[in-house]
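Novice: Once you've had a glance at the structure underneath, I'll fire off some questions.
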Ligand SMILES: Cc1cc2nc3c(=O)[nH]c(=O)nc-3n(C[C@H](O)[C@H](O)[C@H](O)COP(=O)(O)OP(=O)(O)OC[C@H]3O[C@@H](n4cnc5c(N)ncnc54)[C@H](O)[C@@H]3O)c2cc1C
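In our numbering, the protein residues as written are 1337 to 1868.
Put into structure tokens, the structure is as follows:
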């Protein structure tokens, strides 16, 4: 077996090049860390679109990587085209009700976020990320290769990789990210297992071409067909005649034999079409009993699977990837100890549990369960299409690297963290600057985002100019001693927390909130239990 050692710049091996693997590579690259990414699929498959909802939060991460505009340009359905979900008897039948501004789609500037959501098929997102990574120094993309086994030693992990010609070789890396999805090998290799359950009902997806198909209902990102003999969801993948449909309750055999009939039922009238692909699937609510072991971490669907209702699976996977990747980068760059990495599971498990619970709750009223009752649909489905509380309101309060509740601020004016648990209201988001929360967003006077002024390391946001500059310099000096990259940033006029100091992490979450930067504990927020 040849022993191909990874290039020196490849400090992390990523098994899996779906959304979580590609996002992890992008985040590592933002911090100047290279990687080898192993992915069996040479090409992405447009006939298996899977996720279509890119959330506000994922779009904000894409903005950090400089890719938000590229993704919007590549997306076949522009936000201005539609921000609506319509419920109807069929594409040709009467409208029942609708949800506007669904999935964070808006063309208006909103002070609460830097980017609106975007509807875009998952393969397009993957293509944009693949193209970006192909240009990044130190990123080694190995499409056609698959991980088959791994072994951990004290200082490195050795992964056995199968090349496209079937030969196997070894790669070594200090850290491995298992981004290889539900069917990958890394979870088993570290002895982790999924805990949870499956929904007994089958689901059947179809992708079809119907260039002549249109609807009197007007543009919508999803049409829910309810209250009739054929029920399900249908929508456009592009404006050139490619459509998708999901039919809950339809078994694989029946769906394959009757796909055209089912499509015609959703349309409500005969329409010329060609079935391009079918995909049966079952909704699962699964969370791994551990998110890592030693130098190996599970990211995205290798760690958790949730039903697609609400569109959170891919977005939660990207959130995982960002969380572990900036921490590994900090450790490899030498400004945080390996203990920081233990906070990955502590921070992400709660988010994942809430996401799975929300998706399962959305699954209680599928298309076949709903009647053509406008009020009942509005009551049942609102949390599925308006979930800003879940998308932006999650918190890492309670994490070992977030300011503990009961602030150590000697001035006594810092408030104790209100966090420690995730917001129970998944629909609405009220910006809060409690430690653990995502930094409340604001627009600067020049039209840029407050987020655009944050550094790639930590950022002190607050009254950093004028008579308090000395206080900030003291913190900056302590950061320099520890090699922690620290940027300072004055928030715009009118920012509700502009008189306080918010220490913001690379992932835009607040690590510490203080009246005086002197009380900020840089060791705690970087996972250092003992002072250097
Ligand atoms: C019908 C449907 C609709 C969905 N809609 C949405 C939505 O609207 N919004 C949303 O957020 N989510 C949605 N999802 C979920 C979303 O598709 C997943 O959450 C997402 O793909 C998870 O990304 P991942 O990278 O963790 O895993 P995957 O996308 O599964 O990627 C894993 C990768 O690992 C590779 N791999 C497998 N084995 C190996 C190996 N041995 N070595 C190396 N690589 C390996 C695979 O080829 C694959 O590319 C939907 C899912 C389905 C089924």
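Beta carbons: idealized from backbone N, C-alpha and C, even for Gly.
1. Does DSSP put residue 1528 in a helix, a strand or coil?
2. Quick one: is the Cβ of residue 1689 within less than 7 Å of any heavy atom of ligand 1?
3. Report the start-end ranges of each beta strand (DSSP E) in the stretch 1421-1470 that is 3 residues or longer and not cut off at the edges.
4. Judging by CA-CA distance, which residue of 1770, 1631, 1355 is the nearest neighbour of residue 1509?
5. Got a sec? Which residues, its chain only, sit under 6 Å from residue 1636 by beta carbon, not counting five neighbours each side?
6. Residue 1824 to residue 1349, Cα distance in whole Å?
7. Given 7 Å as the limit, tell me if residue 1516 has its C-beta closer than that to any heavy atom belonging to ligand 1.
8. Hey, could you find the ends of the beta strand (DSSP E) residue 1779 is sitting in?
9. Residue 1835 and residue 1799 - do their beta-carbons sit closer together than 8 Å?
10. Please identify the residue among 1560, 1647, 1861 whose C-alpha is closest to the C-alpha of residue 1733.
11. Where does residue 1395 fall in DSSP's three states?
12. By a C-beta neighbour count over all protein chains shown, 10 Å radius and 16 as the cutoff for buried, is residue 1533 buried or exposed?
13. Just reading off the alpha helix (DSSP H) that residue 1662 is part of, what are its end residues?
14. Just the Cα atoms here: how many angstroms apart are residue 1623 and residue 1629?
15. With a threshold of 16 other CB atoms inside 10 Å of the CB of residue 1589, please say whether the residue is buried or exposed.
16. What would DSSP say about residue 1755, mapped onto helix, strand or coil?
17. State yes or no: is the C-beta of residue 1521 within less than 8 Å of the C-beta of residue 1455?
18. Distance, Cα to Cα, residue 1810 vs residue 1736?
19. Can residue 1702 and residue 1427 be called in contact, C-beta distance under 8 Å?
20. Just tell me which of 1542, 1568, 1385 has its CA closest to the CA of residue 1411.
21. Pop quiz: residue 1856 and residue 1839 are said to be a contact at Cβ under 8 Å. What is the actual Cβ separation, rounded to whole angstroms?
22. Where does residue 1750 sit, in a helix, a strand or coil, going by DSSP?
23. Within the stretch 1553-1634, note down every full beta strand (DSSP E) run reaching 3 residues or more, in order along the chain.
24. Does the separation of the CB atoms of residue 1435 and residue 1728 fall below 8 Å?
25. Quick check: the stretch 1583-1599 against the stretch 1456-1470, are at least 3 beta-carbon pairs closer than 8 Å?
26. In whole angstroms, what is the alpha-carbon distance linking residue 1472 and residue 1498?
27. Got a sec? Which residues, its chain only, sit under 6 Å from residue 1725 by beta carbon, not counting five neighbours each side?
28. Using only the alpha-carbon positions, how far apart do residue 1576 and residue 1547 sit?
29. For the stretch 1657-1670 against the stretch 1362-1372, do three or more pairs of beta-carbon atoms, one drawn from each stretch, fall closer than 8 Å, so that the two count as touching?
30. In the DSSP output, what is residue 1785 paired with across the bridge?
31. Can you tell me the Cβ-Cβ gap for residue 1875 and residue 1535, rounded? I've got them flagged as a contact below 8 Å.
32. Please report the Cβ distance between residue 1681 and residue 1627, rounded to the nearest whole angstrom; I am assuming they are in contact, meaning their Cβ atoms lie under 8 Å.
33. Excluding the 5 residues preceding and the 5 following residue 1437 in the sequence, name in chain order all residues of the same chain whose CB lies nearer than 6 Å to its CB.
34. Whose C-beta lies closer than 6 Å to the C-beta of residue 1378 among residues of the same chain, with five residues either side of it excluded?
35. Work out the CA separation of residue 1452 and residue 1409 for me, nearest whole Å.
36. Which residue wins for smallest C-alpha separation from residue 1869, given the options 1374, 1414, 1361?
Specialist: This is what the structure holds:
1. coil
2. no
3. 1431-1436
4. 1631
5. 1356, 1515, 1653, 1656
6. 33 Å
7. yes
8. Counting along the chain, residue 1779 falls outside any beta strand (DSSP E), and DSSP gives it neither H nor E.
9. yes
10. 1861
11. helix
12. exposed
13. 1649-1669
14. 15 Å
15. exposed
16. Legend: pLDDT at residue 1755 = 36, less than 50; position of this residue unreliable, value from coordinates given subsequently. Here residue 1755 sits in coil by DSSP.
17. no
18. 24 Å
19. no
20. 1385
21. 5 Å
22. Because residue 1750 carries a pLDDT of 37, less than 50, the predicted location of this residue cannot be relied on, and the following value inherits that uncertainty. Of the three classes helix, strand and coil, the one that applies to residue 1750 here is coil, per DSSP.
23. 1558-1561, 1568-1572, 1578-1584, 1610-1624, 1632-1634
24. no
25. no
26. 24 Å
27. 1759, 1761, 1762, 1763, 1764, 1765
28. 6 Å
29. yes
30. 1779
31. Lying before the first or after the last residue shown, residue 1875 is absent from the chain, which here runs from 1337 to 1868.
32. 4 Å
33. 1419
34. 1479, 1480
35. 14 Å
36. As shown, the chain starts at 1337 and ends at 1868. That puts residue 1869 outside it, with no answer to give.
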